[in-house]
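Chemist:
Number of protein chains: 2
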Amino acid sequence: MSGTDSPTPYQPTERTTLTRASARGSYDRPVVHAILDEGYVCHLGFVRDGAPVVLPTLYARVGERLYVHGSTGSRPLRMAGQAEPGLPVCLTVTHVDGLVLARSAFHHSINYRSVVVHGLAHQVIDQGERAEALDALVEHVVPGRAADSRRANAKELAATAVLSIDLAEVSAKVRDGGPNDEPEDMDLPHWAGVVPVSRRRGAPVPSDGLTPGIALPEYLCAL
Amino acid sequence: MSGTDSPTPYQPTERTTLTRASARGSYDRPVVHAILDEGYVCHLGFVRDGAPVVLPTLYARVGERLYVHGSTGSRPLRMAGQAEPGLPVCLTVTHVDGLVLARSAFHHSINYRSVVVHGLAHQVIDQGERAEALDALVEHVVPGRAADSRRANAKELAATAVLSIDLAEVSAKVRDGGPNDEPEDMDLPHWAGVVPVSRRRGAPVPSDGLTPGIALPEYLCAL
Numbered sequence: 001m002s003g004t005d006s007p008t009p010y011q012p013t014e015r016t017t018l019t020r021a022s023a024r025g026s027y028d029r030p031v032v033h034a035i036l037d038e039g040y041v042c043h044l045g046f047v048r049d050g051a052p053v054v055l056p057t058l059y060a061r062v063g064e065r066l067y068v069h070g071s072t073g074s075r076p077l078r079m080a081g082q083a084e085p086g087l088p089v090c091l092t093v094t095h096v097d098g099l100v101l102a103r104s105a106f107h108h109s110i111n112y113r114s115v116v117v118h119g120l121a122h123q124v125i126d127q128g129e130r131a132e133a134l135d136a137l138v139e140h141v142v143p144g145r146a147a148d149s150r151r152a153n154a155k156e157l158a159a160t161a162v163l164s165i166d167l168a169e170v171s172a173k174v175r176d177g178g179p180n181d182e183p184e185d186m187d188l189p190h191w192a193g194v195v196p197v198s199r200r201r202g203a204p205v206p207s208d209g210l211t212p213g214i215a216l217p218e219y220l221c222a223l
Numbered sequence: 001m002s003g004t005d006s007p008t009p010y011q012p013t014e015r016t017t018l019t020r021a022s023a024r025g026s027y028d029r030p031v032v033h034a035i036l037d038e039g040y041v042c043h044l045g046f047v048r049d050g051a052p053v054v055l056p057t058l059y060a061r062v063g064e065r066l067y068v069h070g071s072t073g074s075r076p077l078r079m080a081g082q083a084e085p086g087l088p089v090c091l092t093v094t095h096v097d098g099l100v101l102a103r104s105a106f107h108h109s110i111n112y113r114s115v116v117v118h119g120l121a122h123q124v125i126d127q128g129e130r131a132e133a134l135d136a137l138v139e140h141v142v143p144g145r146a147a148d149s150r151r152a153n154a155k156e157l158a159a160t161a162v163l164s165i166d167l168a169e170v171s172a173k174v175r176d177g178g179p180n181d182e183p184e185d186m187d188l189p190h191w192a193g194v195v196p197v198s199r200r201r202g203a204p205v206p207s208d209g210l211t212p213g214i215a216l217p218e219y220l221c222a223l
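Taken in sequence, the protein lines are chains A and B. Note that the working numbering gives residue 5 to position 5 of the first sequence, counting from 1, and the numbers run on in steps of one. Note that the working numbering gives residue 203 to position 203 of the second sequence, counting from 1, and the numbers run on in steps of one.
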């Protein structure tokens, strides 16, 4: 594939075909990647004893693969280590961009961008891939940080499980713009519009006991 | 119960007993309610054909009950209408408060507050409760708005399904404070501390075609 070609979109499946507001859906890799790369906390769903469990957890993307990590003692990580051919998961990332206030209560909405990934989570065993995933999990949150911290030692690596989920069965959904009021409601005496919502990072707060003379690193100044 | 008594905490169950970092867990109703009331988008998990599905959706709390809503045609709402004695769900709300940068990669973390609710989702049939839930879903996002918009008409009500989930099997988890580095890492030459993260609302943007003369309502000025 040459650099000027668009990458092949993700192939829709029965469960990634949107049943509602399908015009808001996308299977484009650049759209999906951009939504994933902007976030760092996902909601990871799995099934335990027949019931759903949804937990917030950090993730990072490396190419067409997502990584999550946790203690080797945590439930989903233990379950994924035991499941053959992998633990069925659904990993969802959502960014809220605005509150949409319509003239009618019915048309109130949220502007958002979300990605839903279905797949099998596998424990990453290969030590090279594990190291790459753990670096990515730090870099994904604060680019530049992995090289400016002590890397995991053998004991820490042994206590950490890493799961991978391939990006194959994936969809994005994006709602933007103003309210979609009914034509007959346009003259109602209610304010209508969008309240923008965004996530901000504040000024970094040094740790108690930080060695005097350690300046704020440049990669944090830019946040 | 008098006003000075603390309400009874939620009773831990096997699946709301934290297996990791249990000191961060809480079953206190005021803690759980505060986390739920600060958010408005949850991640709702359910099981479809044996696999997990996690979708972002609006929610609102009324007392010890949560409500979500959607089109009568949407999958989870259809499934909940057909499931007896209800659709098993897991509803999770997460607020990110900060990025915790430790001297070691291993101790990097996120400050967050989350609530995980396990339960059965039921379709709300009672028209009074449906109306109250729909008002709450608008009010929860923008207090003051329900009275300042056209309420749903019969056709819109017929197209909307409302699910309720009782707050019974519930846990909160909160991580705050600075990095927990190992004693032997304290003198490493890496900056350590917390980058605060918060969600902000920007200046409201009026809709195209807003009737001239409609001022920004007071409940939006305070956001």
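Even for Gly, the Cβ is constructed at its ideal location relative to N, Cα and C. In this text, all values refer to a predicted model and were calculated from it rather than measured experimentally.
With 8 Å as the threshold, decide whether the Cβ of residue 79 of chain A is near any Cβ in chain B.
Modeler: So no, residue 79 of chain A is outside the interface.
Chemist: Does the beta-carbon distance from residue 54 of chain A to residue 43 of chain B come in below 8 Å?
Modeler: Yes, they are a contact pair.
Chemist: Under 8 Å between C-beta atoms, does residue 226 of chain B make it to chain A?
Modeler: Shown here, chain B extends from 1 to 223; a query on residue 226 of chain B therefore has no answer.
Chemist: Write down every uninterrupted run of the beta strand (DSSP E) in the stretch 88-129 of chain A whose length is 3 residues or greater and which is fully enclosed by it, in chain order.
Modeler: Listed in chain order, the complete beta strand (DSSP E) runs (minimum 3 residues) inside the stretch 88-129 of chain A are 109-123.
Chemist: Determine the direct distance from the alpha carbon of residue 97 of chain B to that of residue 49 of chain A, and round the result to whole angstroms.
Modeler: Approximately 32 Å between the Cα atoms of the pair.
Chemist: Beta carbon of residue 192 of chain A, beta carbon of residue 176 of chain A: below 8 Å?
Modeler: Not a contact, by the Cβ cut-off of 8 Å.
Chemist: Below 8 Å on the Cβ atoms is my guess for residue 108 of chain A versus residue 41 of chain B; work out the distance and round it to an integer in Å.
Modeler: With a Cβ gap of about 13 Å, residue 108 of chain A and residue 41 of chain B do not count as contacting.
Chemist: Tell me, please, whether the CB atom of residue 36 of chain B is closer than 8 Å to any CB atom in chain C?
Modeler: Reference to chain C is not applicable here, since the protein chains of this structure are A and B.
Chemist: Excluding the five sequence neighbours on either side, which residues of its own chain have a C-beta within less than 8 Å of the C-beta of residue 18 of chain A, listed in chain order?
Modeler: Taken in chain order, the residues that qualify are 24, 25, 171 and 173.
Chemist: Is the number of C-beta pairs between the stretch 118-130 of chain B and the stretch 76-96 of chain A that are closer than 8 Å three or more?
Modeler: Because the criterion of three Cβ pairs below 8 Å is not met, the stretch 118-130 of chain B and the stretch 76-96 of chain A do not touch.
Chemist: With a threshold of 16 other CB atoms inside 10 Å of the CB of residue 169 of chain B, please say whether the residue is buried or exposed.
Modeler: The residue in question, residue 169 of chain B, is buried, as its Cβ has 16 or more Cβ neighbours within 10 Å.
Chemist: Quick check on this structure: which residue in A:13, A:28, A:20 and A:8 has the alpha carbon closest to the alpha carbon of residue 160 of chain B?
Modeler: When only C-alpha atoms are compared, the closest one is A:20.
Chemist: I'd like to know if residue 163 of chain B contacts chain A, where contact means its C-beta is closer than 8 Å to some C-beta of that chain.
Modeler: By this cut-off, residue 163 of chain B is not an interface position.
Chemist: Near residue 93 of chain B, what residues of its chain come up, given a Cβ to Cβ distance below 7 Å and the 5 sequence neighbours on each side ignored?
Modeler: Result list for residue 93 of chain B: 35, 36, 39, 42, 114 and 115, in chain order.
Chemist: Below 7 Å on C-beta distance, what does residue 105 of chain B contact in chain A?
Modeler: Residues of chain A passing the Cβ test: 134, 138, 146, 149, 150, 151 and 152.
Chemist: Is there a C-beta anywhere in chain B that falls below 8 Å from the one on residue 195 of chain A?
Modeler: Yes, residue 195 of chain A lies at the interface with chain B (some Cβ there is under 8 Å from its Cβ).
Chemist: So, at 7 Å on beta carbons, what are the nonlocal neighbours of residue 13 of chain A in its own chain, with the 5 sequence-adjacent residues on each side left out?
Modeler: For residue 13 of chain A, where only same-chain residues beyond five positions count, the Cβ hits under 7 Å are 169.
Chemist: Taking the CB atoms as reference points, tell me whether residue 69 of chain B and residue 133 of chain B lie closer together than 8 Å.
Modeler: Yes.
Chemist: Flag residue 198 of chain B as yes if its beta-carbon sits less than 8 Å from any beta-carbon of chain A, otherwise no.
Modeler: Yes, residue 198 of chain B lies at the interface with chain A (some Cβ there is under 8 Å from its Cβ).
Chemist: Please say whether residue 86 of chain B and residue 121 of chain B have beta carbons closer to each other than 8 Å?
Modeler: Contact flag set, yes.
Chemist: To which residues does DSSP link residue 42 of chain A through a beta bridge?
Modeler: Answer is A:57.
Chemist: Is there a C-beta anywhere in chain B that falls below 8 Å from the one on residue 90 of chain A?
Modeler: So yes, residue 90 of chain A belongs to the interface.
Chemist: Are the beta-carbon atoms belonging to residue 145 of chain A and residue 104 of chain B less than 8 Å from one another?
Modeler: No, the Cβ-Cβ distance between residue 145 of chain A and residue 104 of chain B is not below 8 Å.
Chemist: Between residue 2 of chain B and chain A, is the shortest Cβ-Cβ distance under 8 Å, so that the two count as touching?
Modeler: For residue 2 of chain B, the predicted structure reports a pLDDT of 47, less than 50, and the residue's modelled location is therefore unreliable. The matter cannot be settled from this model.
Chemist: If we ignore side chains and look at the alpha-carbon of each, how far apart do residue 82 of chain A and residue 196 of chain A end up?
Modeler: Residue 82 of chain A and residue 196 of chain A: Cα-Cα distance of roughly 44 Å.
Chemist: Name, please, each residue of chain B whose Cβ falls closer than 7 Å to the Cβ of residue 217 of chain A.
Modeler: Chain B residues near residue 217 of chain A: 191.
Chemist: Here's the rule I'm using: 16 or more other beta-carbon atoms within 10 Å means buried, otherwise exposed. How should residue 203 of chain A be labelled?
Modeler: Residue 203 of chain A comes out exposed.
Chemist: Beta carbons nearer than 7 Å to chain B: which residues of the stretch 167-179 of chain A have them?
Modeler: Answer set for the stretch 167-179 of chain A: 178 and 179.
Chemist: Quick one: grab the DSSP three-state call for residue 64 of chain A.
Modeler: Of the three classes helix, strand and coil, the one that applies to residue 64 of chain A here is coil, per DSSP.
Chemist: By the three-class DSSP mapping on this structure, what secondary structure does residue 73 of chain A have?
Modeler: DSSP places residue 73 of chain A in coil when its eight states are reduced to three.
Chemist: Compile a chain-ordered list of the residues in the stretch 202-213 of chain A whose CB is closer than 8 Å to at least one CB of chain B.
Modeler: Correct list: 202, 203, 204, 205, 206, 207, 208, 209, 210 and 211.
Chemist: Where does residue 216 of chain B land, buried or exposed, given buried means 16+ other C-beta within 10 angstroms?
Modeler: The residue is exposed, with fewer than 16 neighbouring Cβ atoms inside 10 Å.
Chemist: Taking 8 Å as the threshold (beta carbon to beta carbon), is residue 142 of chain B in contact with chain A?
Modeler: Output row for residue 142 of chain B: interface = yes.
Chemist: Checking 8 Å against the spacing of the C-beta atoms, do residue 10 of chain A and residue 164 of chain A come in under that value?
Modeler: Cβ distance not < 8 Å, so residue 10 of chain A and residue 164 of chain A don't count as in contact.
Chemist: DSSP state of residue 81 of chain A, grouped into three classes?
Modeler: Residue state, collapsed to three classes: helix.
Chemist: Please report how far the alpha carbon of residue 167 of chain A lies from the alpha carbon of residue 7 of chain A, in whole angstroms.
Modeler: Approximately 14 Å, taken between the alpha carbons.
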